[in-house]
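The structure under discussion appears below in the form of structure tokens.
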Amino acid sequence: MTIGIDQLNFYIPNFYVDMAELAEARGVDPNKFLIGIGQSQMAVSPVSQDIVSMGANAAQPILSEQDKKDITMVIVATESAIDSAKASAVQIHHLLGIQPFARCFEMKEACYAATPAIQLAKDYLVPRPNEKVLVIASDTARYGLNSGGEPTQGAGAVAMVISHNPSILELHDDSVAYTEDVYDFWRPSGEIYPLVAGKLSKDAYIKSFQESWNEYAKRHHKSLSDFAALCFHVPFTKMGQKALDSILTDSASEDTQARLNEGYKSATDYNRYVGNVYTGSLYLSLISLLENHKLNGGDTIGLFSYGSGSVGEFFSATLMNNYQDHLDIKGHKAMLDNRKALSVEEYEQFFNRFDNLEFDTETELEVEPKGNFYLKEISDNIRYYDTVK
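For the sequence shown, this note's numbering begins at -12 and goes up steadily by one.
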């Protein structure tokens, strides 16, 4: 029995701010952003793109009419929920036209939630060979203007179809999770922005990775040489590199160290130009790896998922033959390349409009790609969505 990711796609808003320009506006050496945290651009979300519209935009291109009939569960992983009761999965289910007899719900544990969503989907499908699960990770990472976390913001969504006989990769039954109660990053109810203990968060991330990796290696008798590449949760590109460096000891051969370091560069290429997408970060990195690195069917990839607070998980997957045929490399690169650059002043206007739900739909949508879902208006606390005609 083979279960895994059959289809995989991401969506990001059509706006970004250049990190060097942001650094100069904040009176910071640009290299602190470009090299220190390893970020070149940051995706900026207009008020018309929230977790529902971005999630639907990520999923729509990869769903056939048959998929919509076969999907019996929709899970949205997010830490940017727009409602404390109603799940965004219900709204996405409606926008995509998925058949009505499906379970729809959200999952939460900071940036980690998409991983248990995938594991749940895999277990759910074991006795259901003819069904599929849609997993969406959708978030807008926001820390506030002029805040310490501002350069690690971002926005976007990743959509994955989990099924039997997957086209892209097979998920293994080997995951190891590590949980520790840590206040490194949290957002109490009623707070607009999260609270962050920066140094503690970095230390907690690396500790979680080391604990889950070491236990994984011990349980399954694995070493770094068993992996063609490793993918990490990427709040900023230097974070995963620090975690990788922490285990690239003398016990790993020079070839293994070179291979994994080279793979990491490919796995963070897209993240460098998007920023942090919270729950979707690891899976954006996976797409970046698959589309920017030379791999072969049968190769094993290790994945590390992390959510502050904290939960980490290490697991592995095997690439399917001809997986490249099921990627949209040209489409993804065009999405990144054709975005509109915002000045720092424009970015700040977008940021404030998003916080205050002040719509400027004509300005924002005239440069949005055709056919995408967007948030049209909010009336009586109900969100109404439409598509660009």
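Backbone N, C-alpha and C fix where the C-beta goes; we use that ideal spot for every residue, glycine too.
Here residue 34 carries a coil assignment [DSSP, helix/strand/coil]. Our two residues, residue 268 and residue 367, have alpha carbons roughly 33 Å apart in a direct line. Of the residues 233, 264, -12, the one whose Cα lies closest to the Cα of residue 66 is 264. Ranked by Cα distance from residue 334, the first of 6, 144, 221, 79 is 6.
With fewer than 16 other CB atoms across the displayed protein chains lying within 10 angstroms of its CB, residue 316 is exposed. Exclusion of the five residues before and after residue 233 leaves 193, 196, 197 as the residues of its chain whose Cβ lies within less than 8 Å of its Cβ. Between the stretch -5 to 14 and the stretch 141 to 156, the count of C-beta pairs closer than 8 Å reaches three or more; the two stretches touch. Residue 340 sits in a helix when the DSSP states are folded into three classes.
In the same chain as residue 354, and ignoring 5 residues on each side of it, the C-beta atoms closer than 6 Å to its own belong to 1, 327, in chain order.
With respect to the 8 Å criterion, residue 261 and residue 4 are not classified as neighbours on the basis of their beta carbons. Per the C-alpha coordinates, the member of 278, 286, 256, 61 positioned closest to residue 150 is 61. If you ignore the 5 residues before and after residue 250, its C-beta comes within less than 6 Å of the C-beta of 216, 280, all in its own chain and listed in chain order.
Between the alpha carbons of residue 53 and residue 129 lies a gap of roughly 37 Å.
Secondary structure at residue 280: coil, using DSSP grouped into helix, strand and coil.
From the listed residues 236, 258, 204, the smallest Cα separation to residue 220 is found for 258. Close CB contacts of residue 179 within its chain, under the 7 Å cut and outside five residues either way in sequence, are with 342 (chain order).
A distance of 8 Å or more separates the beta carbons of residue 117 and residue 49. If you keep only unbroken beta strand (DSSP E) runs of at least 3 residues inside the stretch 22 to 78, you get 28 to 30, 58 to 64.
A distance below 6 Å between beta-carbons, with the five flanking residues on each side excluded, links residue 297 to the following residues of its chain, in chain order: 167, 169, 191, 195.
Distance from the CA of residue 152 to the CA of residue 76, rounded to the nearest whole angstrom, comes to 25 Å. Residue 302 carries a strand assignment under DSSP once its states are collapsed to helix, strand and coil. Burial check for residue 109: the Cβ neighbour count within 10 Å reaches 16 or more, so the residue is buried. In the structure shown, the three-state DSSP call for residue 290 is strand. Taken atom to atom, the span from the alpha-carbon of residue -6 to that of residue 274 is near 11 Å. Listed in chain order, the non-local C-beta contacts of residue 41 below 6 Å within the same chain comprise -2, 125, 144, local neighbours out to five positions each way being set aside.
Secondary structure in the stretch 180 to 268: the alpha helix (DSSP H) runs of 4 residues or longer, each lying completely within the stretch, are 185 to 207, 224 to 232, 241 to 254, 256 to 259 in chain order.
Under a 10 Å Cβ-count criterion, residue 236 is classified as exposed, with fewer than 16 other Cβ atoms of the shown protein chains found around its own Cβ. If you draw a 10 Å sphere on the C-beta of residue 79, you find 16 or more other C-beta atoms in it, and that means buried.
For the pair of segments examined, the stretch 90 to 107 was found to touch the stretch 276 to 294: the number of CB pairs separated by less than 8 Å reaches three.
Within the same chain, and ignoring the five residues on either side of residue 286 in sequence, the residues whose Cβ sits closer than 8 Å to its Cβ are 215, 216, 305, 306. Per the C-alpha coordinates, the member of 299, 183, 24 positioned closest to residue 228 is 24. Of 93, 245, 339, 373, the smallest CA-CA separation from residue 71 is found for 93.
In this structure, residue 352 keeps its C-beta atom at 8 Å or more from the C-beta atom of residue 32.
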